[in-house]
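One structure below.
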Amino acid sequence: MRILLASSEVHPYSKTGGLADMVGSLGKALARDGQRVGIVTPLYLGIRERFPALRPVGPELDFSLGVRQVRGEVWVLEAARGLTIYFIDQPQFYQRAGLYQQDGVDYPDNAERFLFLAKAVAHLALQLDWKPELVHLNDWQVGAAALLLHHQSRLAGSAHAPRTCMTIHNLAYQGVFPASQYALTNLPWEYFVPDGVEFYGHMNCLKAGICYADVITTVSPRYAREITSEEFGCGLDGLLRQRQDSLVGILNGVDYDEWKTTGNPYLKYPFSAADLRGKADNKAGLQAEFGLPVNGETPLFGSIGRMVEQKGVDIMLGALEEMLHANIQFVQIGSGSTVFQRAFQDLARRFPQRAAVRIGFDEGASHRIEAGCDFFLMPSRFEPCGLNQMYSLRYGTIPIVRGTGGLDDTVIDPKEDLERANGIKFHEYSGQALAKGIRKALALYESPDLFHRFRLNAMTSDFSWSRTAARFVELYQRALAANQP
Ligand code: ADP
């Protein structure tokens, strides 16, 4: 099969979150499976320097963007056999310090930046000499490509147009812009209607994807159900209920070539389920790295991620405020809203022997936290899939999660299945409920045999990509078969 993926971030070229991991790994897994795969993504600052094998390919891109003509170039990288990355070079749009924002504020021209990207995706989908059959769009930044391709197939006849799959990684981010920005699509206004891209008088790029893609996926089965409800639907639940027959939840996989406990360049001490001594060494290393007392006995809790409401950082602060009076330690790396950043830094100042917080993004530190901690906190308000809890499982670090979305689908609490339990779940969204989960973790820590069993269950949980990729291939085949003329 010939598949063109599109995403505004792709690991290892660019990343702010799980989207990058998912698209990078899916591309690799599909190509390994023998499919012909391309990935379209922006050429951000620094990529060319880090990947000198990139080379430009003609011809130049030249698109109308409202009343302006904007040019760009395509650079390619043969990342693996059957896997080509198409980088869209438009220096004014993409050569910036951040991907989406600066100092916590979205760039004011994000509509232009990402409609240009969507146009490049639609253009390559139609022009590449290997003729992609299926275009797989990820998140709002490329959602409009589904509409552009739909429009194109209306004009030219659908027989040769590629089919489209839209994956929602997080429904809370929809790419909503003032109606006037719709002019940047250069499409007729007939699509700017409630059954199309119009959303309460605005343009909604994710909605364009949901309305016009042939099939829709999201990143876990439970989240696929949740988003059709008013509570989680972010205003699009009605549309998602309408399209329910075309909506499936496919759990993200984990790239175990990268997230591994042996032969991992980020980890000084390898370890495995059969020999956990290296895990204790990683714990000591992590305590030292974060300036905490080095003590193997003290239970060590960790957290990695965006410091935003979605991640439950408010209840994490509440629970830690209470629990840091006990003999525990906490390390964290993350960045996000300045209010939350300050609150965590303040907590670390008040409990210098127990809590250490680093603001920033550091891939290596994220591996060391996963490897060195005993427990991992993920109390999300909602969580489409979540990757860190799956990384924790592989690293023998017991996740403490709120039972929502992908967290509920991937972690097994002893109340659900004592034999197979690999984590701790709580349900109520409150600091008290999380604190109770932490107290359960401390009780587990005091029972070495049981704790060891949780660890083995965790480390042998399998979320490998081959299974996930196979489900996507099945779905792509369904999309192609359903639309045969
Ligand atoms: P989301 O996509 O909602 O941010 P996920 O758990 O699905 O959350 O994925 C987050 C990904 O980003 C993981 O790979 C995680 O390790 C990584 N990540 C998030 N914040 C940081 C950070 N500050 N430093 C290093 N890696 C981070």
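Numbering (my numbering), first residue to last: 43 to 527. Don't be surprised by glycine CBs; every beta carbon is placed ideally from N, CA and C.
Remark: the C-beta of residue 276 is outside contact range of the ligand ADP, defined as less than 7 Å to any heavy atom.
The beta carbon of residue 237 is closer than 8 Å to those of 253 in its chain, skipping five residues each way along the sequence. Counting only residues of its own chain and dropping the five nearest sequence neighbours on each side, residue 338 has a CB closer than 6 Å to the CB of 322. Annotation for residue 131: no alpha helix (DSSP H) segment contains it, though the beta strand (DSSP E) segment containing it runs 125-131. No heavy atom of the ligand ADP is found nearer than 7 Å to the CB of residue 332. Bounds of any alpha helix (DSSP H) do not take in residue 345; it lies within the beta strand (DSSP E) bounded by 342-349.
Taking residue 360 as reference, the option from 291, 480 and 409 with the minimal CA-CA separation is 480. When distances are taken from the beta-carbon of residue 430 to the heavy atoms of the ligand ADP, the shortest one is below 7 Å.
Three or more beta-carbon pairs separated by less than 8 Å are not found between the segment 298-314 and the segment 76-94, which leaves the two stretches without contact. The residue among 168, 404, 302 and 194 with its C-alpha nearest the C-alpha of residue 229 is 194. Exclusion of the five residues before and after residue 137 leaves 87 as the residues of its chain whose Cβ lies within less than 6 Å of its Cβ. Across the structure, residue 460 and residue 498 are spaced so that their CA atoms are roughly 13 Å apart.
Residue range 380-392 is occupied by the alpha helix (DSSP H) that includes residue 386. Taking a contact as a CB-CB distance under 8 Å, the pair residue 435 and residue 343 does not count as one, their CB atoms being some 16 Å apart. Using a Cβ-Cβ distance cut-off of 8 Å, the segment 351-358 and the segment 395-402 are not in contact, since fewer than three pairs of beta carbons, one from each stretch, lie closer than that value. Between residue 522 and residue 205, the C-beta gap is smaller than 8 Å, which places the two residues in contact.
Annotation for residue 403 indicates a beta carbon within 7 Å of some heavy atom of the ligand ADP. Every beta strand (DSSP E) of 3 residues or more that sits fully in the segment 61-121 is shown, in chain order, as 78-84 and 97-107. In terms of Cβ geometry, residue 244 and residue 221 form a close pair [threshold 8 Å]. Only residues of its own chain outside the window of five on either side were considered, and among them none has a CB closer than 6 Å to the CB of residue 123. The closest heavy atom of the ligand ADP lies less than 7 Å from the beta carbon of residue 375. Cβ atoms of residue 289 and residue 266 come within 8 Å of each other, at about 6 Å. For residue 457, same chain residues with a beta-carbon under 8 Å away, outside a window of 5 residues either side, are 467 in chain order.
Boundaries of the alpha helix (DSSP H) around residue 493: 490-502. According to DSSP, residue 148 shares a beta bridge with 143.
Within 10 angstroms of the beta-carbon of residue 369 lie fewer than 16 other beta-carbons, which makes it exposed. Under the three-state reduction of DSSP, residue 302 is assigned to coil, being neither helix nor strand. CA-to-CA, the gap between residue 131 and residue 155 works out to about 11 Å.
For residue 119, the closest C-alpha among the options 226, 175, 52 and 145 is that of 52. If you check the CB distance, residue 354 and residue 444 come in under 8 Å.
In the three-state DSSP reduction, residue 259 falls in the strand class (E or B).
Closest in C-alpha terms to residue 249, from the list 179, 302, 55 and 432, comes 179.
Secondary structure note for residue 402: it is in no alpha helix (DSSP H), with a DSSP letter that is neither H nor E. Note on geometry: alpha-carbon atoms of residue 81 and residue 482 lie some 44 Å from one another.
Taking 8 Å as the cut-off, the beta carbon of residue 318 is found closer than this to the beta carbon of residue 438.
Cβ-Cβ separation between residue 181 and residue 211: approximately 5 Å, consistent with a contact (criterion under 8 Å).
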